[in-house]
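For reference, the structure discussed in these notes is given below.
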Amino acid sequence: MEDGQRMYSQQGGLTNMSGNVLPQYNMGQDEPSDQRKQEIGDILQQIMTITDQSLDEAQARKHTLNCHRMKPALFSVLCEIKEKTVLSIRNSQEEEPPDPQLMRLDNMLIAEGVAGPEKGGGSSAAANATAAASGGQPDSAIEHSDYRAKLAQIRQIYHTELEKYEQACNEFTTHVVNLLREQSRTRPIAPKEIERMVTIIRKKFAAIEMQLKQSTCEAVMILRSRFLDARRKRRNFSKQATELLNEYFYSHLSNPYPSEEAKEELARKCGITVSQVSNWFGNKRIRYKKNINKAQEEANMYAAKTAAAAAANVGSEGGAAGYNVGGGQAGMYMNLNGGDNYQSSDNSVGDNVQNQVNALRHVISQSGGYSSDSMHSTPASMYEQHMNQQITPHSRSQNGSPHDPKPEDSTDSWCAGAFMQGLDGDGDNYDGSSDEPGLKRPKI
DNA sequence: TTCCATGATTCTAA
DNA sequence: TTAGAATCATGGAA
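When we follow our numbering, the leftmost residue of the first sequence carries the number 1277, and every step to the right adds one.
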């Protein structure tokens, strides 16, 4: 109230804090100046001591003050002072830009389908996420619905809490505004000051809102990692898929790097993604090298299996059917040498093709298909000759990846020479890869 | 419960 | 960009 006392100018008029003379309110021009001073001094004194009085006394005093004829003038002065103060505070608090962290949280919640419009939000986000992670696995639908349900639960909790928060914020703001308006009857409170108070309250509540959003984001992240993390949802490939992959691998043992087309074909046949095919071959190569003894057993098994399958196929179709082994797993295996399935991209011939050819020769000769001699006068013989010329260690795949194993070192890196000797028994190291695109094993 | 197989990921090098 | 290597994490058999 020191300020109030300073409001008196030495000239006897009311001044504001800047020392400007304030307008003379209806104080009665005929009253002596000393008396006016005395009255205002009394009012100020009463205001100063009002807090020392009992509640009843204060109420009575308040009423008296409210009815005092000088009250409006004094109130105006105090309002002006307050306005100046509030302005200075407000000027120091410029409009702040939106909190970037809050914006990030908002964006993420919208992207995840938790915030924003319900229509398709959570479910479509879940669908996209699961579709991306599942790679078309059959059980993805179950996990998708699970994920969707959990996401919907999070969404519901988030919206409930947000509603509570908004309600609490509004209630508290209304309460404070009403309180300030009530108080504005007895003390100068400018509307701008009330606005500022509302802003402060909302800012405080915004911190709570941020926590809510952050917690929700964390929950969504945990949900995603739990449901969509591929490692957690690893499933072994079907037996048939593994068989197909192994057949391809062991038939291309000297150069087990399927081209993109071959990968796509394998992926399609195995019901997995191209990435999974790539992963499988990556793992297979490294694990084959690490445990070559076991791998040899496996390779022998596949070679025998393939030869048997081919023999059965040829036998069932009669000798004239010859090399048409395009159907079935064995067919795929054999077709690697020039059939329809895998040859088109890299023209590589199966490493153990010699075994197969020998087996086929044996079976076909027994079934009267053709003799060893007859082969030399048929297109098959040309193919055979071609293959026999391909004794160069290994070919690179046709797509020419910079990391394709070089012919010189691929044998070493794969120990394929020794392994193929184990398979062939004749040390042929049969690769049969062709640099001539489009050379296909003709049907006999 | 333990151990092994296996699919996926990450990092590094070429 | 791809392959190799190491590693992680899970599934499944013993």
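Idealized CB from N, CA, C, for every residue including glycine. Computed from a prediction, not measured in an experiment: that's the story for all the values here.
Rounded to the nearest whole angstrom, the CA to CA distance from Glu1537 to Arg1544 is 10 Å.
Thr1449 and Arg1478 have their C-alpha atoms some 8 Å from each other. Selection His1344, Ala1336, Ile1430, Gln1329 evaluated against Asp1318 yields His1344 as nearest (Cα-Cα). Around the beta carbon of Lys1489, 16 or more other beta carbons lie within 10 angstroms, which makes this residue buried. Residue environment for Ser1527: buried (at least 16 other C-beta atoms within 10 angstroms of its C-beta). Per DSSP, reduced to three states, the secondary structure at Val1390 is coil, with no helix or strand assignment. In the structure shown, Asp1382 adopts helical secondary structure according to DSSP, grouped into three states. Contact between the stretch 1555-1571 and the stretch 1510-1529 is present: 3 or more CB-CB pairs across the two stretches fall below 8 Å. Boundaries of the alpha helix (DSSP H) around Phe1557: 1550-1566.
Within 10 angstroms of the beta-carbon of Asn1567 lie fewer than 16 other beta-carbons, which makes it exposed. Counting C-beta atoms within 10 angstroms of its own C-beta, Asn1454 has fewer than 16 neighbours from the protein chains shown and is therefore classed as exposed. If you draw a 10 Å sphere on the C-beta of Thr1340, you find fewer than 16 other C-beta atoms in it, and that means exposed. The residue from Gln1443, Ser1530, Glu1442, Met1473 with its alpha-carbon nearest to that of Leu1456 is Met1473.
In this structure, the straight-line span from the alpha carbon of Ile1323 to that of Lys1440 is close to 41 Å.
Judged by their CB atoms, Met1486 and Leu1378 are nearer to each other than the 8 Å cut-off. The distance from the Cβ of Leu1354 to that of Pro1464 is about 4 Å, consistent with a contact at the 8 Å cut-off. In this structure Phe1525 is not in contact with Ile1548, their Cβ atoms being roughly 14 Å apart against a cut-off of 8 Å.
In this chain, the alpha helix (DSSP H) harbouring Ala1517 covers 1515-1527.
Here Gln1459 has Ile1465 as same chain residues with Cβ atoms under 7 Å from its own Cβ, once five neighbours each way along the sequence are excluded. At a Cβ-Cβ threshold of 8 Å, Cys1546 and Ala1517 count as neighbours.
In this structure, Thr1492 places its C-beta atom within 8 Å of the C-beta atom of Val1390. The Cβ atoms of Ala1571 and Tyr1564 lie closer than 8 Å to each other. With contacts defined by Cβ atoms closer than 8 Å, Leu1529 and Ala1580 do not form a contacting pair. Beta-carbon to beta-carbon, Lys1338 and Thr1436 are separated by about 44 Å, too far to satisfy the 8 Å threshold. Per the C-alpha coordinates, the member of Gln1432, Arg1431, Ala1349, Gln1552 positioned closest to Arg1510 is Gln1552. For Thr1340, the enclosing alpha helix (DSSP H) has its first and last residue at 1331-1343.
Inter-residue distance for Glu1447 and Phe1481 is about 12 Å (C-alpha atoms, whole angstroms). Closest in C-alpha terms to Ile1484, from the list Glu1442, Leu1427, Ala1334, comes Glu1442. Boundaries cannot be given for Met1346, as no alpha helix (DSSP H) includes it and DSSP labels it neither H nor E.
Each residue's CA atom was taken as its position, placing Leu1320 and Asp1310 some 15 Å apart. Lys1539 sits buried, since 16 or more C-beta atoms from the chains shown fall within 10 Å of its C-beta. Of all alpha-carbon atoms in Tyr1533, Thr1327, Ile1430, Pro1348, the one lying nearest the alpha-carbon of Ile1316 is that of Pro1348. A distance below 7 Å between beta-carbons, with the five flanking residues on each side excluded, links Glu1471 to no residue of its chain.
Here Val1550 has Lys1539, Glu1540, Ala1543 as same chain residues with Cβ atoms under 7 Å from its own Cβ, once five neighbours each way along the sequence are excluded.
For Asp1318, the uninterrupted alpha helix (DSSP H) run begins and ends at 1309-1325, by DSSP. Closest by C-alpha distance to Asp1382, out of Leu1350, Ala1584, Tyr1434, is Tyr1434.
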